[in-house]
Amino acid sequence: MIALYRTAVFAFLLLTLVTLAIPSSLSAVTYYVSVDGNDSADGTSWETAKQSIQAAVNLTVDGDTVIVTNGVYSTGGAVAAALGYTTNRVSVTKAITVQSVNGPEVTTIMGQGPIGSNAVRCVYLADNALLSGFTLTNGAAVEINFDNIASKDHSGGGAWLQPTAVITNCVITGNQGWEVGGVLGGIIFDTIISSNTGTVAGGARYGTLTRCLLTDNSGDYGAGALNATLENCQVTRNRSTLEGGGIKNSTARNCLINSNTAKSRGGGASDSTLENCTVVQNHAERGGGTASSTVRNSIVYFNTAVSNPNYFNITVGTFEYSCTSPLPSGTGNISANPILANTSQLTAESPCIGAASSLYTSGVDYNGEAWNNPPSIGCDEVHPGSITGPLTADASASATNAVVNISINFFGEGTGRATANSWDFDDGTTVTNVLYPSHTFTAPGSYDVTFTVYNEEHPAGVSAVVTVNISSNPTIHYVDINSTNPVSPYLTWETAATSIQPAIDVADDTPGSLVLVNDGVYDTGSYTVVGATATANRIVIRNSTTVKSVNGPESTIIMGGGTTSSGIRCAWVDTTSTLSGFTLTNGVTTSSGDYVSVRSGGGAWCEVGAVITNCVITGNRAVTSRGGGVFGGRIYSSIITNNTAAQGGGIESANCYDSTIVGNVANQQGGGAASSVVERSLIQSNSCTGTAGGAVYNTTARNCLIKENTCTGTVGGGGASGGSLIQCFLIGNHATGKGGATYGTTVRSSTIVFNSAGSRGGGVSRSTVYNSIVYHNTGSSGYANYDTVGVEASTLHFSCTTPTPPVGTNNITANPLLAADNLQLTAGSPCIDQGNNAYNLLDPDHLGAPRIVNGVVDIGATEFQFNGGYWTWISAVSNGLTNMNDSASGDGHPNLLKYFTGGSATAADELPILSGFLTNGVYRATFNRNPDSVNVTLVVESATELNDETVWQPIATHQKGAWDGTALVIETATNLLQRVEVESPAGSDFRTFRLRATSP
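Next comes the structure, spelled out in structure tokens:
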């Protein structure tokens, strides 16, 4: 913590300097105030002291002094003529000094809240006035209106200062105002500004602050400070409902900015300039440390966010000679761990020592010491030999009760000059110089975790202990909507909670707990995460809690509600927690507020790492923002259907696996998904009506089936716009504009067929395509498969399309010979072995089969599977019923693949099979033997089903060539083409036949 009252000399020098700035009077008078005084007295001595400060101030002229003794001063006051509306408990309109005798701990000026016509501000100071040694509390200002907008009389519930007015050695706490709750304007030294609340800013706005502590303030923008200049200050634990948890639109030099929170962006600082600052342990949705800020000679590390944990810069914001991660562009930056001894100071091994630029240093460091040349990065310089003095240590944990194998975060803090730190986790594990470690306990028990800080005067260190209790099994809390005897903590079905959130709240105390929910429709409760302006949620899940239904989404429903002016989404899930087995429906986000944190995620809003699994997410809305179904998190084995948003009708900024995304709508872009990663999923019948991406927008899709999506927007991409597609099938998508399947997308190893566009590029437009089939698509004349006009032209490499693309290399135009039922390559396809291995990114292929089986990758989403043994099937069965590319059982997988995955033979014995409903007769198929193989014995066998217990039976065969009645022997270099006639047993039966080859 910052040292606020460093020396008596500091205060004396400061008071002397300020006094010199005040016009002197030959007849300067000192007036006295005491709570035991009398306002009718003359105030010129303690014996005749005034009772109210204002009564004494009213007697003064420029240069006079008012001395105030201990007490709470809550009477008197005046309206400042310069402002005109709010009453001030003390209104100083002259260049005078008002000073307490014994400091802010025992001398209080008390205003009157709340905001409104009866509000009383604590203090107003005119230019060149000085206030020293008071606590200013409970102050407020009038409501904002047309009359007081210009004067800003609605601001500064604690103090309102003209530009050259001075406050020193004060505590400004618990005040409220419109533009700022604490203090507006002026020059402020050695003051604590805490727990103030403003509609705009919380602690301070405008003015210059030196050696101040700004803590626990709240507001929408710049909760600590807004439009201010800060030097050698600490800004900590402030909370903004929008931007700039610590500071916004401010300049900070030699400051420590830590543990602040912003709901939107810039947890530590937003739109500010930072020089020689340390910004750590701040949090925001985006840019936990800084957002859109100019950062020089500063540490921005160990911050957290939903995205961009340390910094978030779009069009503005630069770094120079700073330490952050990931490494930003700019001169002199480093990304290595700064290795802090405590929150503000560096260890001797820190890479930040001597790594800053003297161009940006000014004054002294955070602890009042000189900067070296070259200086260090961060707020504090390292001076070996003088790192002495008192130390304090404080240890805390993200949880003090948890289950085994749950990661717990630990936080070390301390005051004083430190050289190093250590942690002892009481389980045999220790770490050194890791200020914010995470640790997982693997055995139950009670652990006294010790944090120790050291310096040159205290080589044994000063320690703090936090005790963590670990249990072996998760605590289960029960929820049953029909419970008749709910008793917290809901540890049995007989005492189950009747709604979900109360059970979650008690589970928060023990990370790793399970909340088990019985059948029902849960449609009550309204819980916000940060700020009253945030969209409410039916449930909020934190602290590694799993919320799971008993009988799955068909039976257990969480229903949101409300309107776009007061919406309620279904669920909010933090980075460590899981929601499993629910239907989330009717969730609605509000249409105003932060675009990401408030207006996104109609069904669920998830932090990075949050898990949603086995859920049905349907009928939710985020109509003015993103992620109608889900925003963020990881989604597994779920159905996302019939949700609506401006962008990402189904999901936005999420990772989605093995799921179904069907029938979602975006009125801008990304009907199914936007800015997401989707793998092994069906994306079907989604639409966008605004610009681009009927199925997905700026999304990476791997091994997905993307079919029958539409884009009626102004750009195109019925299947995809932007992003990348790898090993996907795109079938039957449509765009009224360009790019029936893709627009502006990078495509690798995919099959794009039977798509259409109202304009050019029925297959692809403005896309780059590798190792892919783009065939059988329709578009305007001459542009059926791909666009070639201007910037919309596509580039194709090692792909199969027609006609030959004007841009690209090694493309083929022959019909790819796709199987009718599953669009996979058939034997003899020109796409076999015609791709480029360098462009192949995944193995196995779309169906899970080996991606490269013959040395060179095939073109398209699937690899043609040779038998891997001695023989390759090269013709259909003579009855025309089936061949190795068919799916006789109708499951979409070729017969050969079914044999590989379902048969009982080992891989070395596997050879092609025939499969189908056959009657008694003779059927012929032709196989090609590998000419490099040795002599083999070929046996024909049959089975009635394929599973792990399949029994193969030899059958009678005929063949062209020698036959010994039981096996067919093929000599090397002879009979390279072999016809086998299979005689089916009597009757009509479903049979699978195989050829098994073994070495003689």
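First residue of the sequence shown: 36, per my numbering; consecutive thereafter. C-beta: ideal position from N, C-alpha, C; glycine also.
Discussion item. Check for me: the alpha helix (DSSP H) holding residue 88 runs from which residue to which?
Written reply: Locating residue 88 in the sequence shown gives position 53, where the first residue counts as 1. Counting along the chain, the alpha helix (DSSP H) containing residue 88 begins and ends at 88-92.
Practice prompt. Measuring alpha carbon to alpha carbon, tell me which of 631, 396 and 751 ends up nearest residue 289.
Written response: Locating residue 289 in the sequence shown gives position 254, counting from the first residue. Residue 289 has its Cα closest to that of 396, out of 631, 396 and 751.
Worksheet item: Between residue 825 and the rest of its own chain, which residues show a CB-CB distance below 7 Å, the 5 nearest in sequence each way excluded?
Response: The sequence position of residue 825 within the sequence shown is 790, counting from 1. Answer for residue 825: no residue qualifies.
Worksheet item: In terms of DSSP beta bridges, what is residue 666 paired with?
Response: Residue mapping note: residue 666 aligns to position 631 of the sequence shown, counting from 1. DSSP, once it has assigned bridges, lists 640 and 687 as partnering residue 666.
Fill in: Closest by C-alpha distance to residue 750, when choosing among 740, 793 and 855
Working through the sequence shown from its first residue, we reach residue 750 at position 715. The option with the nearest alpha carbon to residue 750 is 793.
Worksheet item: In whole angstroms, what separates the C-alpha of residue 537 from that of residue 677?
Response: By 1-based counting over the sequence shown, the position of residue 537 is 502. By 1-based counting over the sequence shown, the position of residue 677 is 642. If I take the Cα positions, the gap works out to 30 Å.
Item to complete: Just the C-alpha distance for residue 1060 and residue 867, rounded to the nearest angstrom, thanks.
Response: The structure shown has nothing for residue 1060, since the chain only spans 36 to 1035.
Item to complete: In angstroms with no decimal places, state the Cα-to-Cα distance between residue 688 and residue 506.
Response: Here the question's residue 688 lines up with position 653 in the sequence shown. Here the question's residue 506 lines up with position 471 in the sequence shown. Each residue's alpha carbon lies about 35 Å from the other.
Item to complete: In angstroms with no decimal places, state the Cα-to-Cα distance between residue 683 and residue 708.
Response: As a position in the sequence shown, residue 683 is number 648, starting the count at 1. As a position in the sequence shown, residue 708 is number 673, starting the count at 1. If you take the alpha carbons of residue 683 and residue 708, they lie about 5 Å apart.
Worksheet item: beta strand (DSSP E) containing residue 483: first to last residue?
Response: By 1-based counting over the sequence shown, the position of residue 483 is 448. Its beta strand (DSSP E) spans residues 480-490.
Worksheet item: Between the beta-carbon of residue 652 and the beta-carbon of residue 664, is there less than 7 Å?
Response: Position 617 of the sequence shown, counted from the start, is the residue given in the question as residue 652. Position 629 of the sequence shown, counted from the start, is the residue given in the question as residue 664. Yes, the Cβ-Cβ distance between residue 652 and residue 664 is below 7 Å.
Item to complete: Would you mind working out which of 365, 878, 291 and 134 sits nearest residue 336, comparing C-alpha positions?
Response: One-based indexing of the sequence shown puts residue 336 at position 301. If we check each option's Cα against that of residue 336, 291 comes out closest.
Item to complete: Compare the C-beta of residue 424 with all C-beta atoms of chain D and state if any pair is closer than 7 Å.
Response: Annotation note: the requested chain D is absent from the structure, which comprises a single protein chain.
Discussion item. Between which residues of its own chain and residue 212 is the CB-CB distance below 6 Å, once the five residues before and five after are set aside?
Written reply: Locating residue 212 in the sequence shown gives position 177, counting from the first residue. For residue 212, where only same-chain residues beyond five positions count, the Cβ hits under 6 Å are 176, 190, 191, 192 and 233.
Worksheet item: By DSSP, does residue 762 sit in helix, in strand, or in coil?
Response: Within the sequence shown, the letter at position 727 stands for residue 762. Residue state, collapsed to three classes: coil.
Fill in: residue 71 (DSSP reduced to helix, strand or coil)
Sequence index remark: in the sequence shown, residue 71 carries index 36 (1-based). Correct three-state label for residue 71: coil.
Worksheet item: How is residue 140 classed by DSSP in three states: helix, strand or coil?
Response: In the sequence shown, residue 140 corresponds to position 105, counting from 1. Three-state DSSP puts residue 140 in coil, outside helix and strand.
Worksheet item: Any idea if residue 349 is buried or exposed, counting beta-carbon neighbours within 10 angstroms, 16 or more meaning buried?
Response: Position 314 of the sequence shown holds residue 349. By the 10 Å Cβ count, residue 349 comes out exposed.
Worksheet item: What first and last residue would you give for the beta strand (DSSP E) that runs through residue 437?
Response: As a first step, residue 437 must be located in the sequence shown, where it is residue number 402. Residue 437 -> beta strand (DSSP E) spans 436-438.
Discussion item. Mapping the DSSP letters down to three states, classify residue 293 as helix, strand or coil.
Written reply: Stepping through the sequence shown from its first residue, residue 293 is reached at position 258. Residue 293: strand per DSSP, three-state reduction.
Discussion item. By the DSSP assignment, the beta strand (DSSP E) with residue 64 in it spans what residues?
Written reply: As a working mapping, residue 64 is identified with position 29 in the sequence shown. Counting along the chain, residue 64 falls outside any beta strand (DSSP E), and DSSP gives it neither H nor E.
Practice prompt. Between the Cα of residue 739 and those of 325, 717, 627 and 809, spot the shortest distance and give me the residue it belongs to.
Written response: Stepping through the sequence shown from its first residue, residue 739 is reached at position 704. Per the Cα distances, 717.
Discussion item. Is the separation between the beta-carbon of residue 822 and that of residue 795 shorter than 7 Å?
Written reply: Residue 822 sits at position 787 when you count from the first residue of the sequence shown. Residue 795 sits at position 760 when you count from the first residue of the sequence shown. Yes, the pair counts as a contact, with Cβ atoms nearer than the cut-off.
Fill in: Residues near residue 168 in its chain [Cβ-Cβ closer than 7 Å; skip 5 each side]
Start at 1 with the first residue of the sequence shown, and residue 168 comes out as number 133. Closer than 7 Å at Cβ, skipping near neighbours: 134, 135, 138, 139, 142, 204 and 205.
Discussion item. For residue 660 and residue 563, I'd like the C-alpha separation in whole angstroms.
Written reply: Against the sequence shown, residue 660 aligns to sequence position 625. Against the sequence shown, residue 563 aligns to sequence position 528. Each residue's alpha carbon lies about 18 Å from the other.
Worksheet item: If we ignore side chains and look at the alpha-carbon of each, how far apart do residue 146 and residue 271 end up?
Response: Locating residue 146 in the sequence shown gives position 111, where the first residue counts as 1. Locating residue 271 in the sequence shown gives position 236, where the first residue counts as 1. Looking at the two C-alpha atoms, the distance is approximately 25 Å.
Worksheet item: DSSP beta-bridge partners for residue 222?
Response: The sequence position of residue 222 within the sequence shown is 187, counting from 1. For residue 222, which the question treats as bridged, DSSP gives the partners 201 and 243.
Worksheet entry | Distance between residue 756 and residue 942 (C-alpha atoms, nearest Å) | Position 907 of the sequence shown holds residue 942. Position 721 of the sequence shown holds residue 756. Because the pLDDT at residue 942 is just 31, under 50, the model does not fix this residue reliably, and the value given afterwards should be weighed accordingly. Rounded to the nearest whole angstrom, the C-alpha separation of residue 942 and residue 756 is 41 Å.
Discussion item. Considering only DSSP beta bridges, list what residue 660 is partnered with.
Written reply: Against the sequence shown, residue 660 aligns to sequence position 625. Per DSSP, residue 660 has no beta bridge partner at all.
Fill in: Supposed contact pair residue 685 and residue 721 - C-beta distance, whole angstroms, cut 8 Å
Counting from 1 along the sequence shown, the entry for residue 721 is found at position 686. Counting from 1 along the sequence shown, the entry for residue 685 is found at position 650. With a Cβ gap of about 7 Å, residue 721 and residue 685 count as contacting.
Worksheet item: How would you write the range of the alpha helix (DSSP H) that residue 700 sits in, first residue to last?
Response: Mapped onto the sequence shown, residue 700 falls at position 665. Taken as a continuous stretch (DSSP letters only), residue 700 belongs to no alpha helix (DSSP H), being part of the beta strand (DSSP E) at 700-704.
Worksheet entry | Separation of residue 730 from residue 710, as counted between CA atoms | Counting from one through the sequence shown, the residue named residue 710 turns up at place 675. Counting from one through the sequence shown, the residue named residue 730 turns up at place 695. The alpha-carbon atoms of residue 710 and residue 730 are separated by roughly 12 Å.
Worksheet item: Which same chain residues, not among the five before or five after residue 352, have their C-beta less than 8 Å away from its C-beta?
Response: As a first step, residue 352 must be located in the sequence shown, where it is residue number 317. Hits under 8 Å: 325, 326, 327, 328, 329, 330 and 346.
Worksheet entry | Rounded C-alpha distance that separates residue 243 from residue 198 | Here residue 243 refers to the residue found at position 208 when the sequence shown is read from its first residue. Here residue 198 refers to the residue found at position 163 when the sequence shown is read from its first residue. Answer to the nearest angstrom: the Cα atoms are 9 Å apart.
Practice prompt. With a floor of 3 residues, list each beta strand (DSSP E) that falls wholly inside the segment 583-610, ordered by position along the chain.
Written response: 591-594 and 603-608
Practice prompt. Let me know the secondary structure DSSP gives residue 872 once reduced to three states.
Written response: Looking up residue 872 in the sequence shown gives position 837. Residue 872: helix per DSSP, three-state reduction.
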